Amino acid sequence: MGLVLTACQDGGSTSSGSDSMMINYASGKTVLQRNFNPLIGGSGATQGTRIYMYQSLMGVNVLKGGALEPWLASGQKLSADGRTLTVDINKKATWSDGKPVTADDVAFTYQLVKKTPEINTNGISFASVSTQGEKTVVFHFDKPAFTQLSALLGQYIVPKKYWEGKNPVTFANPNPVGSGAYTLKRFDPQQVTLALRDDYWRTNSIQVKEIRLPVVNSATEISQLTRGQEDLSGGAIPNLKKEYVDKDPKKNGYFYPTYGSLIVVFNHDRSALKDVHLRKAVELSIDRNQLIELVTQLGANPISQTGLDAATQGKWLDPAYKNPVKTDLSAAKSELEKAGYTLSGGKAVKDGKQLTLTYIEVSDFADSVQRARIIASQLGKIGIKVKVQAMASGTYTEAREKGDFDLASYGLAYGSVPWQIYNPLLNSQFAGTPKGGKAQTNNYLRWRDKTTDNLLNELAGTGDEQKQIELTRKVEKIIVDQVPFVTLSNITAGCAWSARNWTGFPSENDPYAICAPWNGGPAFENVLARLKPVKP
């Protein structure tokens, strides 16, 4: 998922009652497709699919140090040896057709994901899954699974009755039956409208009876929020504090806590990028402060090259790597020379040719494309030519999976332990094969390193936190020394809100939940349960 987004095109809707909310989901799409498949994830499914209509067993609460938070499940227990996980499904949980959510539904979903790599975006791995009665699921692992819980429990669940026999990659699920709080009320290419279930099982405190998720014109969004036509935005609003919040602090607000990191990855199957000196040259050339000033959301700061934010991941982070990498063009040019390049007429040249790299980005995400172009300009200062290719989401996804790029950027969301971002990003089992073999999860950089694999596998097998910290810091050393990717900044998951129609939104003074309307897990549902309508 593009984590710093700009939505496009005005849906044209206005406030329609005290029990309705207008939300900018920030999908980055100008036209919506009727695809409510929660298994394909990312930007493939239509806005409103996940967290509103479908749920995972549990979520990760980044604001509470990565604690697991029950959602569709009521609890979980991992055996002392880390090889057996027992999960209890909430006894009240039902599908929107009124039928109970069963252990059979859950086991079916996990078996489907396990045998379909294209939808295994969390890198789920287990030996077997079985059921015990109607509401208990048991997972068995060949190796201890101490570090895998949040990835495993974060899988969205579908009802076996409606999915059995369907291709989970291509099935559009046009008439969704989910376990979440809302059902599909109306679909239009410019807006999805959801209705609160009368029989929703989890909480009876939600007063938001209707949610409208339109395609939004970012150019007019501030005026829509100010007039109360839009209640909450998960998009990237330029100069948010100055242009919106400060204009009316009593009614205009925001909450943007850290929840992950933004990185640029190298395609390590490209021969030039196998050279660590070239990768270090790129790392030293990027001006992170300029990127944040011109593009990135409120609350972002340069962070450690490890990808870990000292503010939220401090206990895992080696103090030696705490500070972000500073821009140093002179040092960058020295690294280029070590890689065999000479500067001639302002160009980095080897064998008579200028070093030229291709940077791919999703065309719908205007701010991400802008960031790519700024990075291209920055690398141009040391003679590297960067061609930015903005492409349709589907084309981008295919190019990234096949390794048809040199540079690409994406965000990493923190889990309960750093292994949960490092393993799918750096474990060679997800790297695909050279020459077009599709990569999985986040290892689109196609990093293959036995030392890294051994550390990650050892990490997965220990439940001793001190040992986990020790091994994590060894992975950090590889990231700092070998530069498999470049960390730009932390990323924030949050929202801008208007208190004209609803009150009770989280803020810096009341940081009870992440309010990004696209963020996984039960966080946004918890926000909805706290909101109260403004009385006329």
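If you read the sequence shown in this note's numbering, its first letter stands for residue -12, the second for the next number, and so on. Heads up, the beta-carbon is just placed ideally off N, CA and C, and yes, glycines get one too. Only a predicted model underlies this, so the values are computations on that prediction, with no experimental measurement involved.
Legend entry - Alpha-carbon spacing of Leu366 relative to Gln292, whole angstroms: One C-alpha to the other measures close to 18 Å.
Inset, instruction - Have a look at Pro523 and Lys16 and give me their C-alpha separation to the nearest angstrom. - result: 34 Å
Legend entry - Simplified DSSP assignment, three categories, for Asp233: helix
Legend entry - Given 8 Å, three or more beta-carbon pairs between the region 19 to 26 and the region 168 to 184: yes
Inset, instruction - Report yes or no: do three or more beta-carbon pairs, one from the region 187 to 197 and one from the region 316 to 333, lie closer than 8 Å? - result: Contact between the region 187 to 197 and the region 316 to 333 is absent, because fewer than three Cβ pairs lie under 8 Å.
Inset, instruction - Compute the Euclidean distance between the alpha carbons of Thr(-7) and Leu458, then round it to the nearest angstrom. - result: Low local confidence applies: a pLDDT of 31 at Thr(-7) is under 50, so the model's placement there is unreliable, with the coordinate-based value given in what follows. Distance between the alpha carbons of Thr(-7) and Leu458: 38 Å.
Legend entry - Simplified DSSP assignment, three categories, for Asn506: In the structure shown, Asn506 sits in coil (DSSP, three-state: anything other than H, G, I, E or B).
Inset, instruction - Starting from Phe126, follow the beta strand (DSSP E) in both directions and report where the run begins and ends. - result: 123 to 127
Inset, instruction - Helix, strand or coil for Glu605, going by three-state DSSP, please let me know. - result: The displayed coordinates of the chain run from -12 to 523. Any statement about residue 605 would go beyond what the structure contains.
Legend entry - Bridge partners - Glu463, DSSP secondary structure assignment: None; Glu463 has no bridge partner.
Inset, instruction - Compute the minimum distance between the beta carbon of Val282 and the heavy atoms of the ligand ATP, and state whether it is under 8 Å. - result: In the structure on display, the ligand ATP does not appear, and there are no ligands present to speak of.
Inset, instruction - Consult DSSP for Ala483 and reduce its assignment to one of helix, strand or coil. - result: strand
Inset, instruction - Between the Cα of Gly221 and those of Lys519, Ile501, Glu105, spot the shortest distance and give me the residue it belongs to. - result: Ile501
Inset, instruction - Going by DSSP, name the residue or residues bridged to Val375. - result: Tyr346
Inset, instruction - Could you check the C-alpha separation between Lys519 and Thr213 for me, to the nearest Å? - result: 18 Å
Inset, instruction - Determine the DSSP secondary structure at Lys51, reduced to helix, strand or coil. - result: helix
Inset, instruction - Flag this pair as yes or no: are the beta carbons of Val164 and Pro146 separated by less than 9 Å? - result: yes
Legend entry - Range of the contiguous beta strand (DSSP E) that encloses Lys337: 334 to 337
Inset, instruction - Take every Cβ of the region 384 to 396, pair it with every Cβ of the region 113 to 124, and state whether three or more of those distances are shorter than 8 Å. - result: no
Legend entry - Cβ shell of Ser117 (< 6 Å), same chain only, five flanking positions each side left out: Val125
Legend entry - Secondary structure of Ala363, DSSP reduced to three states: Looking at Ala363 - three-state DSSP - the assignment turns out to be helix.
Legend entry - Pair within 9 Å by beta-carbon distance, Ala268 and Ala326: Their beta carbons are under 9 Å apart, which means Ala268 touches Ala326 by this criterion.
Legend entry - Cβ contact (3+ pairs, closer than 8 Å) linking the region 363 to 378 and the region 240 to 253: In this structure the region 363 to 378 does not lie against the region 240 to 253, because fewer than three pairs of beta carbons, one per stretch, are closer than 8 Å.
Inset, instruction - Please confirm whether Asn107 and Lys101 have their CB atoms less than 9 Å apart. - result: yes
Inset, instruction - Could you check if Thr180 is buried or exposed, using at least 16 other CB atoms within 10 Å of its CB as the buried criterion? - result: The residue is buried, with at least 16 neighbouring Cβ atoms inside 10 Å.
Legend entry - Separation of Gly35 from Asp274, as counted between CA atoms: 36 Å
Inset, instruction - Mind listing, in chain order, the continuous alpha helix (DSSP H) runs of no fewer than 4 residues lying wholly within the region 393 to 432? - result: 406 to 413
Legend entry - CA-to-CA distance, Glu208 to Leu344, given in whole angstroms: 35 Å
Inset, instruction - Would you mind stating whether Arg184 and Ile10 have Cβ atoms separated by less than 9 Å? - result: no
Inset, instruction - Buried or exposed for Val156, please, with buried defined as at least 16 other CB atoms from any protein chain shown within 10 angstroms of its CB. - result: exposed
Inset, instruction - Count the CB pairs spanning the region 431 to 440 and the region 408 to 419 that are closer than 8 Å, and state whether there are at least three. - result: The region 431 to 440 vs the region 408 to 419: in contact.
Legend entry - Through-space distance from Asn24 to Ser83, alpha-carbon basis: 15 Å
Legend entry - Rounded straight-line distance, which links the Cα of Ile290 to that of Tyr246: 13 Å
Inset, instruction - Report the three-state DSSP secondary structure of Glu56 (helix, strand or coil). - result: strand
Legend entry - Proximal residues to Gln341 (C-beta, below 6 Å), its chain only, five neighbours per side dropped: Lys334, Lys372
Inset, instruction - Using three-state DSSP, classify Ala182 as helix, strand or coil. - result: strand
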